[in-house]
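Working notes for the structure below.
2 protein chains.
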Amino acid sequence: MNEKILELLKSKDYSALKALLAGENPQDIASAITKLDEEQIPIVFRVLPKELAAEAFVEMDPDGQELLIKSFSDVQLKQLFDELYLDDTVDIIEEMPANVVKRILRSTDLETRCQINELLHYPEDSAGSIMTTEYVTLRPAMTVEEAILRIRRTGIDKETVYTCYVTSSDSILLGVITVKDLLVANDDAIVGDIMDTHVIYAETNQDKENVAREMAKYDFLAIPVVDNEKRLVGIVTFDDAIDVIEDEATEDIEKMAAILPSDKPYLKTGVLDTWKKRIPWLLLLMISATFTGQIITNFESALAGSVALTAFIPMLMDTGGNSGSQASVTIIRGLALQEINMKDILNILWKELRVSLLCGVSLACANFAKIMLVDNLVFHNSVSVPIAAVVCITLVVVVFCAKLVGSTLPILAKRIGFDPAVMASPFITTIVDAISLLVYFNIAKLMITNL
Amino acid sequence: MNEKILELLKSKDYSALKALLAGENPQDIASAITKLDEEQIPIVFRVLPKELAAEAFVEMDPDGQELLIKSFSDVQLKQLFDELYLDDTVDIIEEMPANVVKRILRSTDLETRCQINELLHYPEDSAGSIMTTEYVTLRPAMTVEEAILRIRRTGIDKETVYTCYVTSSDSILLGVITVKDLLVANDDAIVGDIMDTHVIYAETNQDKENVAREMAKYDFLAIPVVDNEKRLVGIVTFDDAIDVIEDEATEDIEKMAAILPSDKPYLKTGVLDTWKKRIPWLLLLMISATFTGQIITNFESALAGSVALTAFIPMLMDTGGNSGSQASVTIIRGLALQEINMKDILNILWKELRVSLLCGVSLACANFAKIMLVDNLVFHNSVSVPIAAVVCITLVVVVFCAKLVGSTLPILAKRIGFDPAVMASPFITTIVDAISLLVYFNIAKLMITNL
Numbered sequence: 135m136n137e138k139i140l141e142l143l144k145s146k147d148y149s150a151l152k153a154l155l156a157g158e159n160p161q162d163i164a165s166a167i168t169k170l171d172e173e174q175i176p177i178v179f180r181v182l183p184k185e186l187a188a189e190a191f192v193e194m195d196p197d198g199q200e201l202l203i204k205s206f207s208d209v210q211l212k213q214l215f216d217e218l219y220l221d222d223t224v225d226i227i228e229e230m231p232a233n234v235v236k237r238i239l240r241s242t243d244l245e246t247r248c249q250i251n252e253l254l255h256y257p258e259d260s261a262g263s264i265m266t267t268e269y270v271t272l273r274p275a276m277t278v279e280e281a282i283l284r285i286r287r288t289g290i291d292k293e294t295v296y297t298c299y300v301t302s303s304d305s306i307l308l309g310v311i312t313v314k315d316l317l318v319a320n321d322d323a324i325v326g327d328i329m330d331t332h333v334i335y336a337e338t339n340q341d342k343e344n345v346a347r348e349m350a351k352y353d354f355l356a357i358p359v360v361d362n363e364k365r366l367v368g369i370v371t372f373d374d375a376i377d378v379i380e381d382e383a384t385e386d387i388e389k390m391a392a393i394l395p396s397d398k399p400y401l402k403t404g405v406l407d408t409w410k411k412r413i414p415w416l417l418l419l420m421i422s423a424t425f426t427g428q429i430i431t432n433f434e435s436a437l438a439g440s441v442a443l444t445a446f447i448p449m450l451m452d453t454g455g456n457s458g459s460q461a462s463v464t465i466i467r468g469l470a471l472q473e474i475n476m477k478d479i480l481n482i483l484w485k486e487l488r489v490s491l492l493c494g495v496s497l498a499c500a501n502f503a504k505i506m507l508v509d510n511l512v513f514h515n516s517v518s519v520p521i522a523a524v525v526c527i528t529l530v531v532v533v534f535c536a537k538l539v540g541s542t543l544p545i546l547a548k549r550i551g552f553d554p555a556v557m558a559s560p561f562i563t564t565i566v567d568a569i570s571l572l573v574y575f576n577i578a579k580l581m582i583t584n585l
Numbered sequence: 135m136n137e138k139i140l141e142l143l144k145s146k147d148y149s150a151l152k153a154l155l156a157g158e159n160p161q162d163i164a165s166a167i168t169k170l171d172e173e174q175i176p177i178v179f180r181v182l183p184k185e186l187a188a189e190a191f192v193e194m195d196p197d198g199q200e201l202l203i204k205s206f207s208d209v210q211l212k213q214l215f216d217e218l219y220l221d222d223t224v225d226i227i228e229e230m231p232a233n234v235v236k237r238i239l240r241s242t243d244l245e246t247r248c249q250i251n252e253l254l255h256y257p258e259d260s261a262g263s264i265m266t267t268e269y270v271t272l273r274p275a276m277t278v279e280e281a282i283l284r285i286r287r288t289g290i291d292k293e294t295v296y297t298c299y300v301t302s303s304d305s306i307l308l309g310v311i312t313v314k315d316l317l318v319a320n321d322d323a324i325v326g327d328i329m330d331t332h333v334i335y336a337e338t339n340q341d342k343e344n345v346a347r348e349m350a351k352y353d354f355l356a357i358p359v360v361d362n363e364k365r366l367v368g369i370v371t372f373d374d375a376i377d378v379i380e381d382e383a384t385e386d387i388e389k390m391a392a393i394l395p396s397d398k399p400y401l402k403t404g405v406l407d408t409w410k411k412r413i414p415w416l417l418l419l420m421i422s423a424t425f426t427g428q429i430i431t432n433f434e435s436a437l438a439g440s441v442a443l444t445a446f447i448p449m450l451m452d453t454g455g456n457s458g459s460q461a462s463v464t465i466i467r468g469l470a471l472q473e474i475n476m477k478d479i480l481n482i483l484w485k486e487l488r489v490s491l492l493c494g495v496s497l498a499c500a501n502f503a504k505i506m507l508v509d510n511l512v513f514h515n516s517v518s519v520p521i522a523a524v525v526c527i528t529l530v531v532v533v534f535c536a537k538l539v540g541s542t543l544p545i546l547a548k549r550i551g552f553d554p555a556v557m558a559s560p561f562i563t564t565i566v567d568a569i570s571l572l573v574y575f576n577i578a579k580l581m582i583t584n585l
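In order, the protein sequences belong to chains F and R.
Under the working numbering, the first residue of the first sequence is numbered 135, with each subsequent residue one higher.
Under the working numbering, the first residue of the second sequence is numbered 135, with each subsequent residue one higher.
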């Protein structure tokens with residue numbers, strides 16, 4: 135599409151450009167526009183039909199949006215923001231610098247401005263911050279025919295019409311009814327009789343991840359959001375829920391890899407910002423490795439006496455780290471998906487205990503065979519049987535400790551109100567390293583008398 | 135809810151039980167039923183209204199479903215499966231043992247059985263495997279009034295009616311139209327005139343993750359699936375897309391932690407199965423640590439001369455591993471979300487190069503200060519300045535190498551058709567460990583003359 139746009143821009147054939155773009159999806163138009171030169175963007179944007187222009191605008195990145203807003207006259211700005219859904223307007227305002235925000239707010243009418251301000255005041259991760267205030271409400275006394283008529287009259291600028299909310303005159307949420315229910319019902323049935331009164335709703339301050347998972351669980355297109363007097367104040371739609379679920383997965387993955395979460399895509403983040411997201415954990419983990427170093431220093435004499443012992447340190451540390459992170463990551467994801475609860479902790483411990491013994495013993499056997507066949511016969515390292523035994527016994531103990539630490543720490547973190555995702559590989563690895571070395575050297579001292 | 139159900143079961147007050155359950159959501163009923171005793175489940179299930187029973191059945195876990203199916207007469211089984219959507223039936227069949235599958239297939243009519251068999255034959259991760267064949271089709275010549283009438287007549291047992299598909303008489307997909315479009319249009323408008331002909335569709339063999347992301351990108355409620363002659367054969371609905379997105383995130387997280395992906399929740403997986411998912415990578419990674427051990431053995435004399443050098447091995451290995459996995463995990467997630475493409479590789483390398491220098495230098499400075507102040511003054515380890523210098527220079531080189539390896543391996547893996555997620559922390563750590571030690575010992579030999 136991009137080449138065609140450039141061609142038509144060059145030949146100034148704007149009517150052909152208009153025809154070309156009118157058939158495209160807003161998402162594709164947005165990504166095509168972003169690739170144009172700065173001075174071409176407003177030209178292309180102006181040939182778009184009003185509604186499509188608004189939809190494409192929402193899909194652009196903040197830099198492109200800012201550029202466009204600055205190129206607009208006040209009238210054009212007003213036209214654009216009249217077309218936008220309120221939740222999208224709020225999302226855009228949150229990304230813009232103060233002077234642009236002022237222009238946007240000036241271009242909206244008083245009522246909209248009040249609603250925007252209200253939405254802006256919900257905490258960042260709350261249901262309120264992602265809800266929209268545009269939805270269809272019905273009254274319980276309406277007939278199906280009246281309800282359908284109301285949807286047909288008012289639905290045109292609502293984000294979703296497929297789930298309608300039945301409220302009392304003071305906005306208390308009484309029930310929900312889907313357009314499908316209305317369409318398959320008789321014209322003269324009463325909304326209050328056929329609506330679903332067992333409504334599952336979210337509260338404005340509820341965590342948005344929570345709300346999104348609830349929606350995924352119940353397969354909801356939209357979920358109503360109520361204030362603390364059970365008055366309907368907004369809805370969260372499925373497209374925002376999908377975004378929340380994707381973002382939360384990304385955030386967890388970043389935390390698990392010892393990165394501070396960022397809300398910009400990788401290629402859009404500057405070098406300095408990337409550094410800022412990565413260096414804190416690297417520093418902290420580096421400093422905490424002091425303990426591991428200290429353990430080695432304390433066993434200096436043992437190591438000087440047998441360098442063969444040193445050669446197995448990396449293998450023991452890595453295997454411990456990997457075993458621990460397998461357990462921790464499984465538990466962290468289970469907690470995030472709400473498959474695992476606090477009360478399962480004994481269950482989990484009992485299971486990890488058995489898994490860790492199975493893993494530890496199989497690794498120890500494989501390792502003993504490897505030392506005897508590969509290290510001694512192929513590489514001629516002459517590792518003595520006692521040292522091989524020390525390494526293998528350590529393996530069993532290390533895998534056991536690693537699995538226990540890996541499975542309990544995330545749960546404990548959650549218990550005391552921390553994010554379990556932080557208790558993933560790098561953190562566990564540092565703890566398990568120290569355990570591995572302590573176990574290793576003590577077993578070595580115990581079993582090899584001349585150390 | 136559970137206590138109430140138990141109470142009513144005890145007093146055999148089935149009509150009160152029926153009234154209680156009729157107002158609940160199928161998901162909640164399913165989870166309540168699962169907690170009951172085996173002989174209570176069929177009793178509770180039988181008091182549910184037909185449609186609700188089917189919806190709750192779909193939400194139960196395979197063990198509960200199997201138990202129920204076995205307790206049903208053939209007539210009851212037929213009634214149940216008549217209520218189910220075809221894609222749910224196929225999902226259930228995939229989980230059941232052969233003898234149960236036979237009973238289910240016997241209870242469906244010939245046409246349904248053919249459709250089930252067809253759906254069962256799509257590859258496991260394809261769009262075809264998650265699509266449903268129940269949707270509303272319209273013809274281009276219909277008026278809006280006729281279209282709405284058709285939806286009202288046929289929509290009752292379709293999974294979604296909100297997106298309708300306009301097809302020619304030989305099932306070729308011509309356009310889509312939403313119920314919202316129909317509701318806000320005039321009664322006598324022609325479907326062919328107002329439908330959207332720029333249809334985004336999936337193909338039966340397309341990867342389901344791909345399709346789900348496409349739907350998330352375009353905010354689709356449903357996406358049509360066509361065969362290779364562009365005939366409409368099914369649709370994928372948003373609830374299945376959300377499940378795919380969650381499952382794929384879980385799978386990637388598992389792979390990143392060196393676990394073979396499993397499709398059962400943690401608490402439902404047996405000890406032996408958990409072991410089987412975890413041991414292959416542990417074994418492989420343990421065996422590959424042979425190289426790191428070999429490097430240490432080769433530098434035996436250097437290490438015997440200065441145990442202080444050994445004390446920094448864990449810190450260097452861990453920092454290298456953490457730096458590498460930060461880069462690899464960022465790239466892996468970027469690739470999964472399609473934010474990063476093959477052609478960005480030079481961009482990424484140039485960026486990681488600068489980030490790695492920033493990280494490396496800041497870590498080296500912090501580490502030098504730490505060695506001088508903490509190790510020497512607090513712990514009295516007497517680390518000489520040359521050794522501190524060797525450690526800090528090694529840090530810079532190791533972080534540099536780790537970031538480059540971490541950012542390029544996932545992209546190369548994708549290039550040659552491997553799953554990038556496998557190139558995460560554990561794998562990168564093993565490679566970076568070997569690099570760290572080689573760099574460390576060689577710099578030490580170069581800078582400290584008496585080694």
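Ideal placement from N, C-alpha and C gives every residue a C-beta, glycine not left out.
Just the Cα atoms here: how many angstroms apart are residue i and residue j?
{"i": "V234 of chain F", "j": "I413 of chain F", "result": "33 angstroms"}
{"i": "F425 of chain R", "j": "S457 of chain F", "result": "20 angstroms"}
{"i": "E434 of chain R", "j": "I521 of chain F", "result": "16 angstroms"}
{"i": "V519 of chain F", "j": "V441 of chain F", "result": "15 angstroms"}
{"i": "F575 of chain F", "j": "T528 of chain F", "result": "9 angstroms"}
{"i": "I545 of chain R", "j": "L572 of chain R", "result": "25 angstroms"}
{"i": "L394 of chain R", "j": "E388 of chain R", "result": "7 angstroms"}
{"i": "V318 of chain R", "j": "R284 of chain R", "result": "17 angstroms"}
{"i": "V556 of chain F", "j": "T564 of chain F", "result": "13 angstroms"}
{"i": "E137 of chain R", "j": "K169 of chain R", "result": "11 angstroms"}
{"i": "H332 of chain F", "j": "E363 of chain F", "result": "17 angstroms"}
{"i": "G455 of chain R", "j": "C526 of chain F", "result": "24 angstroms"}
Based on the DSSP output, what are the partners of residue i in its beta bridges?
{"i": "P358 of chain R", "result": "R:I369"}
{"i": "T297 of chain F", "result": "F:T312"}
{"i": "A336 of chain R", "result": "R:V359"}
{"i": "D341 of chain F", "result": "F:S260"}
{"i": "T564 of chain R", "result": "Note: T564 of chain R sits in no beta bridge, so no partner."}
{"i": "D330 of chain R", "result": "R:V310"}
Can you give me the start and stop residues for the beta strand (DSSP E) that residue i sits inside?
{"i": "L307 of chain R", "result": "307-312"}
Count the other CB atoms, across all protein chains shown, that sit within 10 Å of the CB of residue i; report buried if there are 16 or more and exposed otherwise.
{"i": "W415 of chain R", "result": "buried"}
{"i": "K411 of chain F", "result": "buried"}
{"i": "E343 of chain R", "result": "buried"}
{"i": "N501 of chain F", "result": "buried"}
{"i": "A275 of chain R", "result": "exposed"}
{"i": "P554 of chain F", "result": "buried"}
{"i": "M349 of chain R", "result": "buried"}
{"i": "M476 of chain F", "result": "exposed"}
{"i": "V209 of chain F", "result": "exposed"}
{"i": "L316 of chain F", "result": "buried"}
Assuming residue i is part of the alpha helix (DSSP H), what are its boundary residues?
{"i": "G198 of chain R", "result": "196-205"}
Name the chain C residues whose beta carbon is nearer than 8 angstroms to that of residue i?
{"i": "V489 of chain F", "result": "Of the protein chains in the structure, F and R, none is chain C."}
What residues in the region 420-452 of chain F have a beta carbon less than 7 angstroms from any beta carbon of chain R? Listed by position along the chain: M420, I421, A423, T424, T426, G427, Q428, I430, T431, E434, L437, A438, V441, T444, A445, F446, I447, P448, M449, M451, D452.
Taking a cut of 8 angstroms between CB atoms, which residues from the region 157-171 of chain F lie near chain R? From the region 157-171 of chain F, only G157, E158, N159, Q161 have a Cβ closer than 8 angstroms to chain R.
Residues of the region 391-402 of chain R in Cβ contact with chain F at a cutoff of 7 angstroms, in chain order, please. Listed by position along the chain: A391, A392, I393, P399, Y400, L401.
Chain R contacts from the region 266-289 of chain F (Cβ-Cβ distance under 9 angstroms): Result list: I282, I285, R286, R287, G289.
Where the region 295-319 of chain F meets chain R: residues whose CB sits under 7 angstroms from a CB there: Going along the region 295-319 of chain F in chain order, one finds V295, Y296, V313, K314, L317, V318 with a Cβ nearer than 7 angstroms to chain R.
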